Amino acid sequence: MIITPVGWIVLVGALAMVWRPTSIGAILLGLAIPMQISAAFILPVVGNSSVPASYVLVGALVAAIVCRPAVANACFSFGARNRPVQTFALLVVYAAASAYLMPRLFSGQVEVFNLVRAGRPDFEADQPLLRPTSGNVTQSVYLIGEFLFFAVFVFLLSLKDGLRVGLHALNAASAVTIVFGILSALEGVAGTGVILDFFRTSNYAILNHQQVFGLLRVSGPSVEPSSFGGLTVSLFVFNFVRYLQTRGLWHGVAASLLLLGVIASFSTTGYAALAVIILLWSALTGGRLVYRGLSKDDLIGVLLASITAGSIIAVLLFAPAQQFALDLYTRLFGEKLSSASGLERTAWTARSFANFTETYGLGVGLGSGKGSSHLITVIGNLGLIGSVLYLLFVAQVLGAPSSRVNLPNLPEREAALRCFRAARAGCVAQLVAASVSGTMARPGLLFLMFAAISVASLGHARRALRRYANGWTADSTVEKTNTSR
11 MIITPVGWIV
21 LVGALAMVWR
31 PTSIGAILLG
41 LAIPMQISAA
51 FILPVVGNSS
61 VPASYVLVGA
71 LVAAIVCRPA
81 VANACFSFGA
91 RNRPVQTFAL
101 LVVYAAASAY
111 LMPRLFSGQV
121 EVFNLVRAGR
131 PDFEADQPLL
141 RPTSGNVTQS
151 VYLIGEFLFF
161 AVFVFLLSLK
171 DGLRVGLHAL
181 NAASAVTIVF
191 GILSALEGVA
201 GTGVILDFFR
211 TSNYAILNHQ
221 QVFGLLRVSG
231 PSVEPSSFGG
241 LTVSLFVFNF
251 VRYLQTRGLW
261 HGVAASLLLL
271 GVIASFSTTG
281 YAALAVIILL
291 WSALTGGRLV
301 YRGLSKDDLI
311 GVLLASITAG
321 SIIAVLLFAP
331 AQQFALDLYT
341 RLFGEKLSSA
351 SGLERTAWTA
361 RSFANFTETY
371 GLGVGLGSGK
381 GSSHLITVIG
391 NLGLIGSVLY
401 LLFVAQVLGA
411 PSSRVNLPNL
421 PEREAALRCF
431 RAARAGCVAQ
441 LVAASVSGTM
451 ARPGLLFLMF
461 AAISVASLGH
471 ARRALRRYAN
481 GWTADSTVEK
491 TNTSR
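Using the numbering used here, read the sequence shown as starting at 11 and increasing by one per residue.
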């Protein structure tokens, strides 16, 4: 095992997380989850696989709970009664079983696009037959880690004052995305590449320094501009909704900078996801206008959207701007399907659907292949049963309409419902972005962070002031446990 320079920093952070899993741990997780370019360890025995810094900190968070028996027992009892946690557990068990069984059951009978295959122009001839690979092991381990993170994080957020922990984590994720986006944008001008090179310890293919019409595509803490666009869209949507709710300066500035990051990424994923989110938001706002009128938050959102749209239209009145917009649309969308990348992704889609049908709806197993979008990959890898479990989990995360929560209009309840709406918007944005270009069957840590806040906040709203775990607060979990001993 090789410890990278970033790895030593992560190890120190992991020790701090074990000591203070909420106050310090949440911030560290928020900082680490967007950092796709950073690996804490390199494992030569598993094909030089990178261990992301975020998953090391997830392990530290789980260790912080396990080493406190009273908290661990409460966490286990809570998870055993929480439906999203139960559904996710069933999904993990089935996915891990499929990773072992399906490559052996259909070995040599099905062609797949292997996860570890490097993209080459002859990709059509580079479809190996299905067999057990290291991808089955690594993807199963990552999925188990994501489940443990979700179960523990939902428990911590469900404690008194716990939602504040989740909001701090997302604020940290937004901040690190903005900072590294700025560093990436200035890489060729201000020499910030030295800082970025220090953090670029992952051995995944890091596609930076790409340009569109002579303009640098911003990749930030992601391995490529496309994934940066998807990451930034979800954080932008969350911060925009929170700004409408709180009128806070931080959320307003963060939403503005993150939107600029989406634009500067010149990412088909980012642009397509942003367009879908705008259409969904317009439809929901129009529905509320027809049936019950617009709230103050809705009116402010419509005003900001109108100002933004008006500014874009004003800029497009100039001929050079019109030509640039037309060339950019042609580059990102018109020529995308005919490009080498577009042809390869189209082949991934066809092969993933073929994997589903050729295995009689069972799938080729977690980690055996990849598709051109997250949902297609889930279908091809996990089959019908796994897809149903996954959709059930997503439905439980998105929750019931807030109007069905019939409780007194308590300030705490209203605050929790606002957290729920913002986290749900982040979940939807993350799903939309992943559906455009996600290649893995796992939900990912950022989606699960949004999901944990959504589940915990809806639970808070439904039971108002009632709390689990004998009134423990998130910040005093460690102190309560030590006192009980």
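Built from N, CA and C at the ideal position, the CB exists for glycine as well. As the structure is a prediction and not an experimental result, all values here were calculated from the model.
query	result
Check whether the region 383-401 and the region 443-454 touch, using three or more Cβ-Cβ pairs below 8 Å as the test.	yes
Using the rule of at least 16 other Cβ atoms within 10 Å of the residue's Cβ for burial, across every protein chain shown, is E424 buried or exposed?	exposed
How should P231 be labelled, buried or exposed, when 16 other C-beta atoms within 10 angstroms of its C-beta is the threshold for buried?	buried
Does the separation of the CB atoms of A499 and A274 fall below 8 Å?	Residue 499 lies beyond the stretch modelled for the chain, which goes from 11 to 495, so this question has no answer here.
Measuring CB to CB, does T148 end up less than 8 Å from T187?	no
Roughly how many angstroms lie between the CA atoms of S447 and A80, to the nearest whole one?	42 Å
Below 7 Å CB to CB, which residues in the same chain sit around F116 once its five sequence neighbours on both sides are set aside?	L140, T369 and V374
What are the complete alpha helix (DSSP H) segments, minimum 4 residues, inside the region 29-114?	35-42, 63-76 and 79-91
Could you pull out every residue in the same chain whose Cβ sits closer than 6 Å to the Cβ of A182, ignoring the five residues on either side in sequence?	I37, G40 and L41
Per DSSP, L139 is paired with what?	E121
Mind checking who V222 pairs with in its DSSP beta bridge?	L225
With distances taken between CB atoms, is the gap from F159 to V68 smaller than 8 Å?	yes
Measuring CB to CB, does G379 end up less than 8 Å from N365?	yes
Does the Cβ-Cβ distance between L455 and S64 come in under 8 Å?	yes
Using 8 Å as the threshold, is the C-beta distance between L176 and L167 below it?	It should be noted that the sequence gives Gly, not Leu, for residue 176. Cβ distance < 8 Å, so G176 and L167 count as in contact.
Would L245 and S184 be called neighbours here (beta carbons separated by less than 8 Å)?	yes
Give me, in chain order, the residues of the same chain whose beta-carbon lies closer than 6 Å to that of R361; leave out the 5 immediate sequence neighbours on both sides.	F123
Measure the alpha-carbon distance for M112 versus E354 and round it to whole angstroms.	24 Å
Whose C-beta lies closer than 6 Å to the C-beta of A26 among residues of the same chain, with five residues either side of it excluded?	I34
Excluding five sequence neighbours on each side, which residues of the same chain lie with their C-beta closer than 6 Å to the C-beta of F250?	A265
Among G271, R428, G436 and E422, which has the Cα closest to the Cα of F226?	The amino acid at residue 226 is misidentified as Phe; the sequence shows Leu. Of the listed residues, the one whose Cα sits closest to L226 is G271.
Taking the alpha-carbon positions, what's the D307 to G258 distance?	13 Å
Which same chain residues, not among the five before or five after Q440, have their C-beta less than 7 Å away from its C-beta?	S244, L456, F457 and F460
Out of curiosity, what's the CA-to-CA distance linking F15 and A24?	In the sequence on display, residue 15 carries Pro and not Phe. One C-alpha to the other measures close to 15 Å.
My assumption, with CB atoms under 8 Å, is that A74 sits in contact with V28. Please give the rounded CB distance.	5 Å
Which first and last residues belong to the alpha helix (DSSP H) in which E518 is found?	Any answer about residue 518 is impossible in this case: the structure gives the chain only from 11 up to 495.
From what residue to what residue does the alpha helix (DSSP H) around A540 run?	For the chain, the structure presents residues 11 to 495; residue 540 sits outside this window and is missing.
Once you ignore the five residues that flank A315 on each side, which residues in its own chain have a CB closer than 6 Å to its CB?	none
For a quick check, are the C-beta atoms of V247 and G436 less than 8 Å apart?	yes
Based on the DSSP output, what are the partners of I317 in its beta bridges?	Answer by DSSP bridge pairing: none, since I317 is not bridged.
What residues in its chain sit with their C-beta under 6 Å from that of G191, if we drop five residues either side in the sequence?	V228, G230 and G271
Taking buried to mean at least 16 other C-beta atoms within 10 Å of its own C-beta, is T493 buried or exposed?	The pLDDT assigned to T493 is 43, lower than 50, so where the model puts this residue is not dependable; a value taken from the coordinates is nonetheless given after this. Exposed.
Whole angstroms is fine: what's the gap from A479's alpha carbon to V72's?	For A479, the pLDDT reaches just 41, beneath the cut-off of 50, and the residue's location in the model is therefore unreliable, although a value from the coordinates is still provided. Roughly 18 Å between the two C-alpha positions.
So R252 is in the alpha helix (DSSP H); what residue range does that whole segment cover?	P235 to T256
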